[in-house]
Amino acid sequence: MSERGNEASALGLAWRHGRRSAGRGEWLILLVALAVAVAAVTAVSLLTDRVRSAMVRQGATTLAADLRLSTRAPLEADRARALAATGVETAGVTVFPSTLSDDDAVTLVSVKAVERAYPLRGTLTLRRGPPGTATETVAHGPPPGRVWVAQRVLDEQNRGVGDRLQLGDAELTIDAVLVTEPDRDPGFAGLAPRVMIAAADIEATGLLGFGSRAEYATLIAGDAPAVAAARAALDDDLAAGERLQTPAESNRALSRALSRADVFLDLAALVAVVLAGVAIALTARRHAESRLDEIALLKTLGARRGLIARVLAWQLVLIGVLGIAGGLILGAAAQAGIGRVIAGAFEIALPGPAWSGLWPGPIAGALLLAGFAWPALARARRTPPARVLARALADDDRRAWRMHAGAIASVAVLAALATRDAMLTAWVLGGALAGAAALALGALGLLWCVERARTGLGGRLGPGIRLGLAALSRRRAASVLQIVAFGVGLIILFLLVIVRGDLLAGWRADIAADAPNRFLINITPDQQPRVADFLAEHGIEAPAFFPLVRARLTTVDGRAIESDPALAESAGELARRELNLSWTDTLKADNRLLEGRWWQPADRGEPHVSIDESVAERLGVGIGDTLGFDLAGRTFTTEIRSIRSIDWSSLEANFYVLFPPGFLDDYPSTYITSFHLPDDRRAVLGDLVREFNNVSVIDIAAILDQLTTLIDRVSLAVELVFGFTLAAGLVVLLAAMQASRSARRREAALLRALGTRARWLRQAVVVECLLLGACAAVLAAVVAQIAAVVLATQVLDLGYTWRPGVWLVAVTSATIAIALAGLASLGDVLRQPAWTSLRAED
1 MSERGNEASA LGLAWRHGRR SAGRGEWLIL LVALAVAVAA VTAVSLLTDR VRSAMVRQGA
61 TTLAADLRLS TRAPLEADRA RALAATGVET AGVTVFPSTL SDDDAVTLVS VKAVERAYPL
121 RGTLTLRRGP PGTATETVAH GPPPGRVWVA QRVLDEQNRG VGDRLQLGDA ELTIDAVLVT
181 EPDRDPGFAG LAPRVMIAAA DIEATGLLGF GSRAEYATLI AGDAPAVAAA RAALDDDLAA
241 GERLQTPAES NRALSRALSR ADVFLDLAAL VAVVLAGVAI ALTARRHAES RLDEIALLKT
301 LGARRGLIAR VLAWQLVLIG VLGIAGGLIL GAAAQAGIGR VIAGAFEIAL PGPAWSGLWP
361 GPIAGALLLA GFAWPALARA RRTPPARVLA RALADDDRRA WRMHAGAIAS VAVLAALATR
421 DAMLTAWVLG GALAGAAALA LGALGLLWCV ERARTGLGGR LGPGIRLGLA ALSRRRAASV
481 LQIVAFGVGL IILFLLVIVR GDLLAGWRAD IAADAPNRFL INITPDQQPR VADFLAEHGI
541 EAPAFFPLVR ARLTTVDGRA IESDPALAES AGELARRELN LSWTDTLKAD NRLLEGRWWQ
601 PADRGEPHVS IDESVAERLG VGIGDTLGFD LAGRTFTTEI RSIRSIDWSS LEANFYVLFP
661 PGFLDDYPST YITSFHLPDD RRAVLGDLVR EFNNVSVIDI AAILDQLTTL IDRVSLAVEL
721 VFGFTLAAGL VVLLAAMQAS RSARRREAAL LRALGTRARW LRQAVVVECL LLGACAAVLA
781 AVVAQIAAVV LATQVLDLGY TWRPGVWLVA VTSATIAIAL AGLASLGDVL RQPAWTSLRA
841 ED
């Protein structure tokens with residue numbers, strides 16, 4: 001017969017067997033497992049890309065744009081034309097200090113002149129009436145001749161909405177109170193109350209002339225390719241002192257939130273791949289076992305080994321085509337449905353799916369079939385013809401380990417491509433392999449204990465219990481495999497259902513409900529104890545007060561910044577603005593020492609400093625290097641003794657540079673503090689300002705609300721993506737139960753044929769499944785707890801608290817669920833005559 005004829009014959013045999021097997025359900029199990037695996041990978045791949053895009057878009061509201069170009073002068077016309085050619089939108093922003101004066105009040109303000117298109121991302125919140133009245137949101141800047149001001153400006157200048165405000169040479173109408181703006185600087189540089197005007201009114205004010213201190217920025221927004229093109233164009237010609245920023249780069253808390261969300265979503269994609277391999281491996285083994293008799297019969301009729309291999313390969317191809325097609329449809333539908341839910345939560349249009357992201361699904365299906373299904377079929381291909389007379393599986397496993405090693409390597413490569421994070425892939429796959437090994441060893445130990453208990457108790461146990469314990473001992477290898485399979489599925493479920501909630505709670509805890517939302521600055525040393533008493537009298541927990549002096553950084557390891565352009569460029573804002581210096585003898589809880597040592601008694605009064613790690617990185621300095629400062633005309637040089645990591649998400653007062661007590665005592669200083677004030681107690685601030693009229697109150701509640709809302713929305717996206725992976729974990733549990741269903745049915749039928757009572761069989765199944773479930777659940781809980789601690793501390797940088805009560809409920813529930821599933825899977829056998837079940841197996 002020709003080669004083409006051989007292929008046609010093999011395809012025909014494969015097709016006919018597929019039709020027969022589909023009716024009996026053998027193909028159906030593998031087909032469904034493959035479809036769910038492909039659907040999981042497809043949905044997670046499409047959805048994670050869409051959610052990442054949505055999170056970046058949501059994060060852009062904190063910058064009012066997708067990209068921000070900071071310059072020392074207004075953007076030149078040729079650069080503006082180059083940006084326009086990339087297809088992005090732009091809006092110019094100019095920020096400069098000024099003063100407003102009333103008859104008896106002078107207010108230092110931060111003037112922000114914006115073009116009408118501002119903001120390109122996010123909205124502004126305005127109020128037309130007194131505090132407490134309704135607000136409105138707008139997506140544009142003020143019109144010419146109008147000004148929007150912070151409430152503090154109205155209070156200090158004794159003005160109201162509709163009044164006229166003199167700003168430089170221009171007289172503008174107060175059109176609204178500016179409640180929030182998307183890109184408000186949360187740091188100390190943005191402490192002055194805001195006055196927002198139209199860019200067209202700058203010239204009329206006469207405030208910007210030669211030598212004026214102003215900051216210029218061009219906001220950029222558009223679709224991802226256009227923004228990427230704009231960034232590439234700008235990166236090529238950035239001048240000294242210019243800076244490009246993304247939302248994450250401009251906001252530490254946002255960067256931390258997006259980084260953790262990315263890790264969570266990568267975990268979802270990776271877990272889906274691992275679960276797919278487990279489900280395919282379990283169902284493929286069952287499918288291969290169902291083919292042994294047919295392969296033996298074909299060999300007795302003269303079929304060559306090559307023909308059998310082609311038949312099996314074609315069967316796998318048919319299963320692959322149907323399963324992958326079904327999985328792609330199911331995955332696309334699932335991500336579309338979940339995407340609509342996420343879009344509603346984000347309150348923005350979720351970006352459409354990039355259909356190029358479909359590739360992981362088919363590749364995952366092909367790799368999983370080739371790596372996990374084909375080894376089982378290849379082993380079945382070596383079945384001897386004598387099996388027709390005596391059922392015995394060929395026991396040649398010499399090359400099986402190579403095939404499975406190749407499958408695991410394929411999954412690892414696919415997982416690395418899906419997550420784009422080799423370290424995360426190594427952590428999870430390594431943990432999965434170690435967990436599976438621990439489950440197998442633990443299962444062997446528990447089964448040994450069960451066998452010892454059965455032997456010791458002997459006749460004191462009922463017939464049903466003895467049958468169940470004997471079944472575990474008789475099928476030791478199958479029982480270990482089932483415990484490992486159940487355990488892997490339960491580990492994933494425990495991590496997704498329990499640990500996920502704990503980790504997300506720790507993530508949200510970064511922005512705690514009682515996080516400081518008000519700062520007080522300019523507190524004089526003699527006022528500090530009186531301000532503390534005032535806060536205590538009004539029921540506000542006594543906050544910590546920190547001394548503060550302002551100085552300029554002038555030298556780095558002996559090099560003068562002003563005469564070293566490269567050093568000035570790397571120093572950036574550290575050199576352009578005065579730095580807030582402070583001192584303390586105690587390391588704060590939100591500071592962590594990375595290098596060096598903290599202050600000792602001998603350091604008091606010495607010219608030593610502790611700096612933040614970002615300062616060390618930007619300046620290229622380390623322990624033993626020096627920094628020079630200019631403080632009110634007096635210069636001094638200090639030695640770096642330690643480097644710290646600061647948790648800026650605590651929202652407490654923190655400092656890039658800290659001194660030991662005693663060194664800055666002779667310099668004039670003020671104090672700063674922060675505390676949490678509920679919204680219904682805002683009146684306390686008015687009383688405080690009236691009593692201490694030089695103290696400035698900084699309200700960051702709006703910024704805090706913005707970050708909290710962002711984290712809540714991102715958390716919802718993560719939960720929904722993990723929900724789909726949760727479904728994949730349930731499929732693994734189903735596959736594990738189905739893997740031994742045939743053997744259990746045949747054994748139950750034989751026992752019934754020998755006269756065993758149905759009640760004893762039900763007891764045996766319950767006992768066996770309860771023990772299997774208990775072993776798997778306990779071992780999975782231990783492994784999941786260890787994995788949770790590793791993920792929290794090593795990958796996500798979060799705290800984790802063990803909750804034994806929750807774990808007890810989870811283990812008990814999992815044990816009962818597995819027992820019920822086992823009983824349900826054999827329910828039809830226990831109700832049928834023994835000869836029916838035996839005939840169904842032949």
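Taking full-length UniProt numbering as reference, the numbering of the sequence shown is continuous, increasing by one, and the terminal residue is 842. Backbone N, C-alpha and C fix where the C-beta goes; we use that ideal spot for every residue, glycine too.
Query raised in the report: Hey, would you say alanine 176 sits closer than 8 Å to arginine 127, going by beta carbons?
Result: As a working note, residue 176 is residue 176 in the sequence shown. As a working note, residue 127 is residue 127 in the sequence shown. The answer is yes: Cβ separation under 8 Å.
**Report entry** Local Cβ density within 10 Å of cysteine 449, reported as buried at 16 or more and exposed below that
**Finding:** Stepping through the sequence shown from its first residue, residue 449 is reached at position 449. By the 10 Å Cβ count, cysteine 449 comes out exposed.
Requested in this report: May I ask you to list the residues that DSSP assigns as paired with aspartate 612?
Outcome: As a position in the sequence shown, residue 612 is number 612, starting the count at 1. For aspartate 612, which the question treats as bridged, DSSP gives the partners Arg644.
Query raised in the report: First and last residue of the alpha helix (DSSP H) that includes isoleucine 197?
Result: Indexing the sequence shown from 1 puts residue 197 at position 197. Isoleucine 197 -> not in any alpha helix (DSSP H); beta strand (DSSP E) instead, spanning 194-198.
Query - Close Cβ partners of leucine 47 (< 7 Å) along its chain, the five nearest in sequence each way excluded - result: Looking up residue 47 in the sequence shown gives position 47. For leucine 47, where only same-chain residues beyond five positions count, the Cβ hits under 7 Å are Gln335, Ile338, Gly339, Val721.
**Report entry** alanine 426 and valine 278 closer than 8 Å at C-beta
**Finding:** One-based indexing of the sequence shown puts residue 426 at position 426. One-based indexing of the sequence shown puts residue 278 at position 278. It is not a contact, given that the beta carbons lie outside the stated cut-off.
Query - Simplified DSSP state of lysine 112, which is helix, strand or coil - result: The residue labelled residue 112 in the question sits at position 112 within the sequence shown. Three-state result, lysine 112: strand.
Requested in this report: Output the residue ranges of the alpha helix (DSSP H) runs that lie fully inside the segment 510-589 and measure 4 residues or longer, sorted by chain position.
Outcome: 528-537, 565-571, 573-576
Requested in this report: Can you grab the Cα-Cα spacing for the pair valine 311 / threonine 42, in whole Å?
Outcome: Sequence index remark: in the sequence shown, residue 311 carries index 311 (1-based). Sequence index remark: in the sequence shown, residue 42 carries index 42 (1-based). Whole-angstrom Cα-Cα distance: 29 Å.
Query raised in the report: On the three-state DSSP scale, how would you describe threonine 283?
Result: For the purposes of this step, residue 283 is identified with residue 283 of the sequence shown, where counting begins at 1. Threonine 283 falls in the helix class under three-state DSSP.
Query raised in the report: Any beta-carbon of chain D closer than 8 Å to the one on leucine 469?
Result: The chain inventory of the structure shown lacks chain D, comprising one protein chain alone.
Query raised in the report: Relative to the C-alpha of proline 228, which residue among Arg641, Leu779, Thr86 is closest?
Result: Locating residue 228 in the sequence shown gives position 228, where the first residue counts as 1. It should be noted that the sequence gives alanine, not proline, for residue 228. The candidate whose alpha carbon is nearest that of alanine 228 is Thr86.
Requested in this report: Please name the residue in Leu167, Arg164, Glu171, Ile197 whose C-alpha comes closest to that of leucine 178.
Outcome: Numbered from 1 along the sequence shown, position 178 holds the residue referred to as residue 178. That would be Ile197, whose Cα lies nearest to the Cα of leucine 178.
Query raised in the report: serine 813: buried (16+ other C-beta within 10 angstroms of its C-beta) or exposed?
Result: The residue you call residue 813 lines up with position 813 of the sequence shown. Answer is exposed; the Cβ neighbour count stays below 16.
**Report entry** Reduced DSSP category for proline 97 - H, G, I as helix; E, B as strand; rest coil
**Finding:** In the sequence shown, residue 97 corresponds to position 97, counting from 1. Three-state DSSP puts proline 97 in a strand.
**Report entry** Own chain partners of threonine 133 with C-beta closer than 8 Å, once the 5 adjacent residues on each side are dropped
**Finding:** For the purposes of this step, residue 133 is identified with residue 133 of the sequence shown, where counting begins at 1. So the qualifying residues of the chain are Arg127.
Query - Alpha-carbon spacing of proline 130 relative to glycine 162, whole angstroms - result: By 1-based counting over the sequence shown, the position of residue 130 is 130. By 1-based counting over the sequence shown, the position of residue 162 is 162. If you take the alpha carbons of proline 130 and glycine 162, they lie about 12 Å apart.
Requested in this report: Count the CB pairs spanning the segment 460-476 and the segment 764-780 that are closer than 8 Å, and state whether there are at least three.
Outcome: yes
Requested in this report: Pick out whichever of Leu108, Ala233, Ala199 has its Cα sitting closest to the Cα of aspartate 78.
Outcome: Reading the sequence shown from its first residue, position 78 is the one you call residue 78. Comparing Cα-Cα distances from aspartate 78 to each of Leu108, Ala233, Ala199, the minimum goes to Ala233.
Query raised in the report: In whole angstroms, what is the alpha-carbon distance linking leucine 368 and glycine 331?
Result: On the sequence shown, residue 368 is found 368 positions in, with the first residue counted as 1. On the sequence shown, residue 331 is found 331 positions in, with the first residue counted as 1. Distance between the alpha carbons of leucine 368 and glycine 331 is about 17 Å.
**Report entry** Nearest-angstrom beta carbon gap, serine 696 and isoleucine 521 [assumed within contact, 8 Å]
**Finding:** Within the sequence shown, the letter at position 521 stands for residue 521. Within the sequence shown, the letter at position 696 stands for residue 696. That belief holds up - the Cβ atoms of isoleucine 521 and serine 696 are roughly 5 Å apart, short of 8 Å.
Requested in this report: Starting from the Cα of proline 375, find the closest Cα among Leu316, Thr638, Glu181 and give me that residue.
Outcome: As a working mapping, residue 375 is identified with position 375 in the sequence shown. Looking at the Cα atoms, Leu316 is the closest of the given residues.
Requested in this report: Enumerate in chain order the residues of its own chain whose CB-to-CB distance from leucine 461 is below 8 Å, with the five nearest sequence positions on each side excluded.
Outcome: Position 461 of the sequence shown holds residue 461. Answer for leucine 461: Arg454, Leu469, listed in chain order.
Requested in this report: Could you tell me which residues DSSP pairs with threonine 173 in its beta bridges?
Outcome: Counting from 1 along the sequence shown, the entry for residue 173 is found at position 173. Answer is Arg146, Arg164, bridged to threonine 173.
Requested in this report: Please determine, among Ala575, Pro804, Pro601, Ala774, the residue with the shortest C-alpha to C-alpha distance to leucine 820.
Outcome: Sequence index remark: in the sequence shown, residue 820 carries index 820 (1-based). Nearest C-alpha to leucine 820: Ala774.
Query raised in the report: With burial defined as no fewer than 16 other Cβ atoms inside 10 Å of the residue's Cβ, what is the status of leucine 664: buried or exposed?
Result: Taking the first residue of the sequence shown as 1, we reach residue 664 at position 664. Buried.
Requested in this report: Compare the C-alpha of aspartate 49 against each of Asn591, Ala354, Phe655 and name the closest.
Outcome: Taking the sequence shown and counting its residues from 1, one reaches residue 49 at position 49. For the residues Asn591, Ala354, Phe655, the minimum Cα distance to aspartate 49 belongs to Ala354.
Report task. Look up tyrosine 216 in the DSSP assignment and give the residues it is bridged to. Result -> Position 216 of the sequence shown holds residue 216. Per DSSP, Thr71, Thr94.
Report task. Please list, in chain order, all residues of the same chain as alanine 653 whose beta carbon is under 6 Å from its beta carbon, the five residues on each side excluded. Result -> In the sequence shown, the residue the question calls residue 653 occupies position 653. Counting only Cβ-Cβ distances below 6 Å, and skipping sequence neighbours, we find Phe546, Ile672, Ser674.
Query raised in the report: When burial is assigned at 16 or more other CB atoms within 10 Å of the CB, is aspartate 396 buried or exposed?
Result: Along the sequence shown, read from residue 1 onward, the residue named residue 396 stands at position 396. Model confidence at aspartate 396 stands at a pLDDT of 49, short of 50, so the residue's coordinates are unreliable; what they give is reported in the following sentence. Flag for aspartate 396 reads exposed.
**Report entry** Neighbourhood of alanine 281 by C-beta distance below 7 Å, restricted to the same chain and skipping five residues each side
**Finding:** In the sequence shown, the residue the question calls residue 281 occupies position 281. Counting only Cβ-Cβ distances below 7 Å, and skipping sequence neighbours, we find Phe372.
Query raised in the report: How about the segment 595-613 and the segment 528-544: do they share at least three Cβ pairs that are nearer than 8 Å?
Result: no
Query raised in the report: By how many angstroms is the C-alpha of threonine 123 removed from the C-alpha of valine 95?
Result: Residue 95 sits at position 95 when you count from the first residue of the sequence shown. Residue 123 sits at position 123 when you count from the first residue of the sequence shown. So the two alpha carbons sit approximately 18 Å from each other.
Query raised in the report: Going by Cα to Cα distance, which pick from Ser98, Ala309, Gly633, Ala65 is closest to tyrosine 667?
Result: Numbered from 1 along the sequence shown, position 667 holds the residue referred to as residue 667. Minimum Cα distance to tyrosine 667 is reached at Gly633.
Report task. Please classify asparagine 517: is it buried, with 16 or more other beta-carbons within 10 angstroms of its beta-carbon, or exposed? Result -> Within the sequence shown, the letter at position 517 stands for residue 517. Buried, because 16 or more other Cβ atoms sit within 10 Å of the Cβ of asparagine 517.
Requested in this report: Just tell me which of Ala39, Pro678, Leu627, Tyr656 has its CA closest to the CA of isoleucine 324.
Outcome: To locate residue 324, count along the sequence shown from 1; it is residue 324. Isoleucine 324 has its Cα closest to that of Ala39, out of Ala39, Pro678, Leu627, Tyr656.
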